[in-house]
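For the sequence shown, counting from 1, position 324 maps to 326 in our numbering; every step adds exactly one. Report on the following structure.
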Amino acid sequence: MTSRPGIAEDGALTASLQSRLEMDQPADPQGGSGNPSVVDLVALFRHLESTLRFHRDTGFGRIFHPGRISFRENVPTDSLHVVIDENHIAAHVDSVSPLGVRPHRRMRYSLWRTAAHNLAGMAEYLIALVRGRQGDHRSELDCEWLSDPSQGVSRARDLLDPQGSAWSVQMEAQVSGVLDEARLRRALIAVLGRQSFDHDPLWVVCCPDEASLDSARAQLQSHPAEITAWPPLRAGLVRRRGGDVFMLNVNHAAADGVGTLELMRGIAAAYATGRDPQPPLELPAVGDLPVRPASPPVSVGMAHYRSAVERVRDLLARPAQLAPDGGSPGPAFGFHLVCLSADETRRVVDANRPGTSGDLLLASLHLAIGEWNARHGAPGRRVGVLVPVNLRPLEWPEKRVGNFSVTARMSTSRRHRRGPTPALKAVAAQTTRNQRSRTGTALLAALERSSLVPLWSKQSVVVLQPVTRNCLVDTALLANLGWLDQAPSFGHEAGETVDVWFSLPARSPLTLCIGAVTVSGRVHLVVRYPTQVFDSDAASRFTVCLLAEMARVTDSRLDGRYQRWNRGITQTDPT
Numbered sequence: 003m004t005s006r007p008g009i010a011e012d013g014a015l016t017a018s019l020q021s022r023l024e025m026d027q028p029a030d031p032q033g034g035s036g037n038p039s040v041v042d043l044v045a046l047f048r049h050l051e052s053t054l055r056f057h058r059d060t061g062f063g064r065i066f067h068p069g070r071i072s073f074r075e076n077v078p079t080d081s082l083h084v085v086i087d088e089n090h091i092a093a094h095v096d097s098v099s100p101l102g103v104r105p106h107r108r109m110r111y112s113l114w115r116t117a118a119h120n121l122a123g124m125a126e127y128l129i130a131l132v133r134g135r136q137g138d139h140r141s142e143l144d145c146e147w148l149s150d151p152s153q154g155v156s157r158a159r160d161l162l163d164p165q166g167s168a169w170s171v172q173m174e175a176q177v178s179g180v181l182d183e184a185r186l187r188r189a190l191i192a193v194l195g196r197q198s199f200d201h202d203p204l205w206v207v208c209c210p211d212e213a214s215l216d217s218a219r220a221q222l223q224s225h226p227a228e229i230t231a232w233p234p235l236r237a238g239l240v241r242r243r244g245g246d247v248f249m250l251n252v253n254h255a256a257a258d259g260v261g262t263l264e265l266m267r268g269i270a271a272a273y274a275t276g277r278d279p280q281p282p283l284e285l286p287a288v289g290d291l292p293v294r295p296a297s298p299p300v301s302v303g304m305a306h307y308r309s310a311v312e313r314v315r316d317l318l319a320r321p322a323q324l325a326p327d328g329g330s331p332g333p334a335f336g337f338h339l340v341c342l343s344a345d346e347t348r349r350v351v352d353a354n355r356p357g358t359s360g361d362l363l364l365a366s367l368h369l370a371i372g373e374w375n376a377r378h379g380a381p382g383r384r385v386g387v388l389v390p391v392n393l394r395p396l397e398w399p400e401k402r403v404g405n406f407s408v409t410a411r412m413s414t415s416r417r418h419r420r421g422p423t424p425a426l427k428a429v430a431a432q433t434t435r436n437q438r439s440r441t442g443t444a445l446l447a448a449l450e451r452s453s454l455v456p457l458w459s460k461q462s463v464v465v466l467q468p469v470t471r472n473c474l475v476d477t478a479l480l481a482n483l484g485w486l487d488q489a490p491s492f493g494h495e496a497g498e499t500v501d502v503w504f505s506l507p508a509r510s511p512l513t514l515c516i517g518a519v520t521v522s523g524r525v526h527l528v529v530r531y532p533t534q535v536f537d538s539d540a541a542s543r544f545t546v547c548l549l550a551e552m553a554r555v556t557d558s559r560l561d562g563r564y565q566r567w568n569r570g571i572t573q574t575d576p577t
């Protein structure tokens, strides 16, 4: 019988990860036999070092991390740097490595590269604080390897903080026919039945009208599925005359929008065919790896420094909050759904220029927030909208389900919102800049090269937390899944999938969340509004305002001045 990592055969706690790595063991110059997995971190790190892919700091290098173990990847740029302190594992990507890279030979520090490394690091850190880019904390890995895996359960629940958000990824598929409950349960087991269920994930309800359907949606999405339970989702089967609706509430730590779509497709395919998905879906964030997120303590001086930078930034460009209208106390969300016609969609989605629809939606949302606040007498301040960015490499398998996204902040001032064309230019320029400077992409690629991605997946329970303690700097979140070539199909007996709806949560209870997906030639929008800010009537009026701004921006996009400015810029959808 094999003992679990970190626990001895007799159940006694073993030495820390750092102590085990410091034990004398001869390096294998051939790199060992086979490739150790992340389950055995000691063997994996020793293997990486023996293959000369990583340099282990000794002598001069240890002055930067006294009393700890430091590994640096042997590449000149976007180099993975791992620091181990007892059981704490921290990793980030250095844009400039301090090592004088010597392929296939032992490495050593270079003085001029060390200077360039330090200057680049300071500049990147300052820019991240000034911009307040909330997603950039995912450009770092901070986790703790558990000698006793049971220690991580309560901690993970604490990090979810359902008072701040339901923390659920919402996805729905409506069919033209009827879905069979027993068959749907078998499909759920086929996709998620790798282990026994801790709860019944499927809820069945009859909804005779739209009001009861809205109520069922809000009820399902109001309670987060626990990341510590299996499966990390809740599902709803809604019976209605116009065709049944299958709803998913997926814990955002387990999956982002792309991952939730893959879950929906897997369940639909299993329902249609009666067969298990091949290959099976992977959910690394809820695996058995004994890891929990664990950020190192922040010193008093650093906390004051971060707060000071935030205060200066807010004094220079104070962030706007969405003007309330008819809200009620309590951290809850409502949902308002709208579907564009095929003609309207063709004007919004430019098939010849991928990514421009994302910029159009983003510019429209900025303008709508500015117009809404102006109507309610709120100051015309800086508007910040978070946009999830998909970090998955193109070669990754589609069946890997997780939260592999970061958030980029797109901001506009009153000057940018004076018209559709300036707004479009502002968000398009920021989209291009963020694609070029997104360090989280480099981190995920480096972790993939080193077989350490599962550690990063476990960090998803704190996704979207701000870099600093200011939780109210973003007015809205816009998540666009883009164009689906084919909607999830439940088979001929269930009928055509006529609608797909989607939205992501936000940390702040006052953030407006917009979800968009284009399916069957039509854009489907979900306005996920905080009930502390809007009631249902206000949400409907804001949606009308958003659609009006979309029409203005669509007309502006056809203007020759914007086309000349935008010519030659290649962009991708922010999902």
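All residues carry an ideal CB built from backbone N, CA and C; glycine is no exception. Treat the numbers as computed from the prediction; the structure is a model and nothing was measured.
Starting from residue i, trace the beta strand (DSSP E) in both directions and tell me its first and last residue.
i, result
"Thr499", "Thr499 to Ser505"
"Thr409", "Ser407 to Thr414"
"Leu457", "Here Leu457 belongs to no beta strand (DSSP E); instead the alpha helix (DSSP H) covers Val455 to Lys460."
"Asp476", "Here Asp476 belongs to no beta strand (DSSP E), and DSSP marks it neither H nor E."
"Ser170", "Ser170 to Val177"
"Asp144", "Glu142 to Trp147"
"Leu339", "Phe335 to Cys341"
Kindly indicate which residue of the options has the alpha-carbon position closest to the one of residue i.
i, options, result
"Gly332", "Tyr531, Trp374 and Val525", "Tyr531"
"Gln172", "Val85, Lys401 and Trp503", "Trp503"
"Val44", "Gln20, Gly484 and Val519", "Gln20"
"Leu364", "Thr533, Ala431, Ser343 and Ala255", "Ala431"
"His338", "Leu548, Glu183, Arg243 and His378", "Leu548"
"Val98", "Glu126, Leu457, Leu291 and Ser178", "Glu126"
"Glu142", "Pro511, Pro210 and Lys460", "Lys460"
"Asp87", "Pro68, Asn76 and Gly102", "Pro68"
"Glu373", "Thr499, Pro281 and Pro422", "Pro422"
"Ala175", "Thr520, Ser452 and Ala550", "Thr520"
"Glu498", "Val177, Leu121, Thr116 and Arg277", "Val177"
"Pro226", "Ser217, Arg58 and Val252", "Val252"
"Pro100", "Glu228, Arg348 and Thr79", "Thr79"
"Leu396", "Ala447, Ile371 and Leu369", "Ala447"
"Leu46", "Pro456, Ser452, Leu506 and Leu512", "Ser452"
"Val41", "Val529, Ser505 and Leu454", "Leu454"
"Gln221", "His94, Ile229 and Arg236", "Arg236"
"Phe73", "Ile65, Ala93 and Ser522", "Ala93"
"Arg543", "Asp327, Arg435, Glu450 and Arg554", "Asp327"
"Leu128", "Arg55, Trp169, Ala550 and Ala310", "Ala310"
Ends of the alpha helix (DSSP H) at residue i?
i, result
"Pro1", "Nothing can be reported for residue 1, as the shown portion of the chain is limited to 3 through 577."
"Arg420", "First-last for Arg420: undefined, no H or E at that position."
"Gly268", "Gly259 to Thr275"
"Asp202", "Neither: Asp202 is in no alpha helix (DSSP H) and is coded neither H nor E."
"Val193", "Glu183 to Leu194"
"Glu212", "Glu212 to Gln223"
"Leu23", "Leu19 to Glu24"
"Ala287", "Careful: Ala287 lies outside any alpha helix (DSSP H) and carries neither H nor E."
"Arg348", "Ala344 to Val350"
For residue i, which residues from the same chain have a beta carbon less than 6 Å from its beta carbon, with the 5 sequence-adjacent residues on both sides left out?
i, result
"Arg417", "none"
"Val260", "Asn392"
"Ser359", "Val350 and Val351"
"Pro424", "His418"
"Pro234", "Ala227, Asn253, Ala256 and Val288"
"Val465", "At Val465 the pLDDT is 44, less than 50, meaning the model places this residue with poor confidence and gives no usable figure here."
Which same chain residues end up closer than 8 Å to residue i when comparing Cβ atoms and leaving out the 5 residues on each side of it in sequence?
i, result
"Leu181", "Leu239, Asp246, Phe248, Tyr273, Phe492 and Ala496"
"Asp361", "Leu426, Val429, Ala430, Thr433 and Gln573"
"Gly329", "Pro532, Thr533, Gln534, Val535, Phe536, Asp537 and Ala540"
"Cys341", "Asp501, Arg524, Val525, His526 and Leu527"
"Asp557", "Pro422"
For residue i, which residues from the same chain have a beta carbon less than 7 Å from its beta carbon, with the 5 sequence-adjacent residues on both sides left out?
i, result
"Arg267", "Pro490"
"Leu367", "Val387, Ala478, Leu480, Ile516 and Leu548"
"Ile269", "Ala189, Leu190 and Val193"
"Trp485", "Val351 and Thr520"
"Gly34", "Note that Gly34 scores a pLDDT of 48, beneath 50, so its modelled location is shaky and nothing firm can be said."
"Trp147", "Gly8, Leu19, Leu43, Asn89, Ile91, Pro292 and Val293"
Going by the C-beta, is residue i closer than 8 Å to any heavy atom of the ligand HEM?
i, result
"Thr116", "By its list of ligands, the structure shown contains no ligand whatsoever, and the ligand HEM lies outside what it can speak to."
Practice task
Entirely within the region 32–100 and at least 3 residues each: give me those beta strand (DSSP E) ranges in chain order.
Solution key: Runs of the beta strand (DSSP E) inside the region 32–100: 56–58, 71–75, 79–87 and 90–98.
Exercise for the section: Kindly confirm or deny that the region 407–422 and the region 383–399 touch, where touching means at least three C-beta pairs closer than 8 Å. Expected result: The region 407–422 vs the region 383–399: in contact.
Exercise for the section: Counting only runs of 3+ residues fully inside the region 236–260, write out the beta strand (DSSP E) ranges in chain order. Expected result: Secondary structure within the region 236–260: the beta strand (DSSP E) runs of 3 or more consecutive residues, fully enclosed, are 247–253 (chain order).
Practice task
Could you say if the region 250–259 and the region 399–406 meet the contact criterion of at least three C-beta pairs nearer than 8 Å?
Solution key: These segments touch.
Exercise for the section: Inspect the CB distances between the region 204–213 and the region 280–291 and report whether three or more fall short of 8 Å. Expected result: Verdict: no, contact absent.
Practice task
Only counting runs of 4 or more residues, tell me where the alpha helix (DSSP H) segments fall wholly within the region 521–549, in order along the chain.
Solution key: The DSSP assignment places no complete run of the alpha helix (DSSP H) inside the region 521–549 (cut-off: 4 residues).
Handout entry: Three CB pairs or more closer than 8 Å across the region 276–283 and the region 184–195
Key = At 8 Å Cβ cutoff, the stretches touch.
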